[in-house]
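A.B. asks: One structure follows; several queries about it will come next.
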Amino acid sequence: MKMLANGFLLTGLLFSPIAFASGCDTGPHRQFDFWLGEWAVSVEGKGQVGHNRIEKIVDGCALRETYTTAGKYHGTSYNSYSPVTGQWHQTWVDNSGLTLLLSGGWREGTMVLSGDGISPTGTPVLHRISWTPLQDGGVRQLWESRPKNNENADWVKVFDGLYSPVKAE
């Protein structure tokens, strides 16, 4: 009978509102909050190339990115901080079939995530993407890659975008 009572107690705790209170409201879970919002994405010399919406999901424990362009290209990422690894993790998927699995963290005022990938020619590469909050309220996103097995190789710019807040109407 005592085991049955303990079982009910455990079940009650697991399914109580207290058990599901978000533990993601402070500290490292908030490091990417500067990226939240609606953004016009532009590239120097090309003007606006896309629109990005970054929103909190899963009771604030993750961020969802929804990127669209005027053309057919679009993609989505899911971002979360793991207290187990002490790192941020991003999974990006787009309609070209590209999947990026990135991890990293906050370094000297910039969020920097990196991960392995394959170049269009089939060569293993290392991707590095950084997000830097700007004083005007914008964000700079810089995506670079280099051959995976050559630490001395120069980083090659894949994308250098400026995020400007979209004004609410």
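For the sequence shown, the positions run -21 to -1, 1 to 148 when mature numbering (1 follows the signal peptide of the UniProt record, and there is no 0) is used. Cβ coordinates follow ideal geometry from the N, Cα and C atoms, glycine included.
Under 9 Å between the Cβ atoms of residue 107 and residue 91?
C.D. replies: As a first step, residue 107 must be located in the sequence shown, where it is residue number 128. As a first step, residue 91 must be located in the sequence shown, where it is residue number 112. Going by C-beta atoms, residue 107 is nearer than 9 Å to residue 91.
A.B. asks: Quick one: Cα of residue 144 to Cα of residue 120, how far?
C.D. replies: Translated into the one-based positions of the sequence shown, residue 144 becomes position 165. Translated into the one-based positions of the sequence shown, residue 120 becomes position 141. Those two C-alpha atoms are separated by around 14 Å.
A.B. asks: Please state whether DSSP places residue 12 in a helix, a strand or coil.
C.D. replies: On the sequence shown, residue 12 is found 33 positions in, with the first residue counted as 1. Residue 12: helix per DSSP, three-state reduction.
A.B. asks: Nearest CA to the CA of residue 80: which residue from 104, 16, 48?
C.D. replies: For the purposes of this step, residue 80 is taken as residue 101 along the sequence shown, with counting starting at 1. For the residues 104, 16, 48, the minimum Cα distance to residue 80 belongs to 104.
A.B. asks: Of the choices 99, 100, 88, 128, whose alpha-carbon is the least far from that of residue 13?
C.D. replies: The sequence position of residue 13 within the sequence shown is 34, counting from 1. The candidate whose alpha carbon is nearest that of residue 13 is 88.
A.B. asks: What residues are listed by DSSP as bridge partners for residue 7?
C.D. replies: On the sequence shown, position 28 is the one that residue 7 refers to. Beta-bridge pairing links residue 7 to no other residue.
A.B. asks: Give the DSSP-derived three-state secondary structure of residue 38 in the structure shown.
C.D. replies: Locating residue 38 in the sequence shown gives position 59, where the first residue counts as 1. It is helical.
A.B. asks: Looking at the structure shown, is residue -5 part of a helix, part of a strand, or coil, going by DSSP?
C.D. replies: Residue -5 sits at position 17 when you count from the first residue of the sequence shown. Here the model assigns residue -5 a pLDDT of 49, short of 50, so the residue's position is not dependable, and the following value carries that caveat. Of the three classes helix, strand and coil, the one that applies to residue -5 here is coil, per DSSP.
A.B. asks: Quick one: Cα of residue 75 to Cα of residue 51, how far?
C.D. replies: By 1-based counting over the sequence shown, the position of residue 75 is 96. By 1-based counting over the sequence shown, the position of residue 51 is 72. Looking at the two C-alpha atoms, the distance is approximately 10 Å.
A.B. asks: Quick check: what's the CA-CA separation for residue 67 versus residue 61?
C.D. replies: Position 88 of the sequence shown, counted from the start, is the residue given in the question as residue 67. Position 82 of the sequence shown, counted from the start, is the residue given in the question as residue 61. The straight-line gap from Cα to Cα measures roughly 6 Å.
A.B. asks: Given a threshold of 16 other Cβ atoms within 10 Å of its Cβ, counted over all protein chains shown, does residue 69 qualify as buried or as exposed?
C.D. replies: Translated into positions along the sequence shown, residue 69 becomes position 90. Under the 10 Å beta carbon count, residue 69 is surrounded by 16 or more other beta carbons and is classified as buried.
A.B. asks: State whether the stretch 22 to 42 contacts the stretch 123 to 130, with contact taken as three or more CB pairs (one from each stretch) at a distance under 8 Å.
C.D. replies: no
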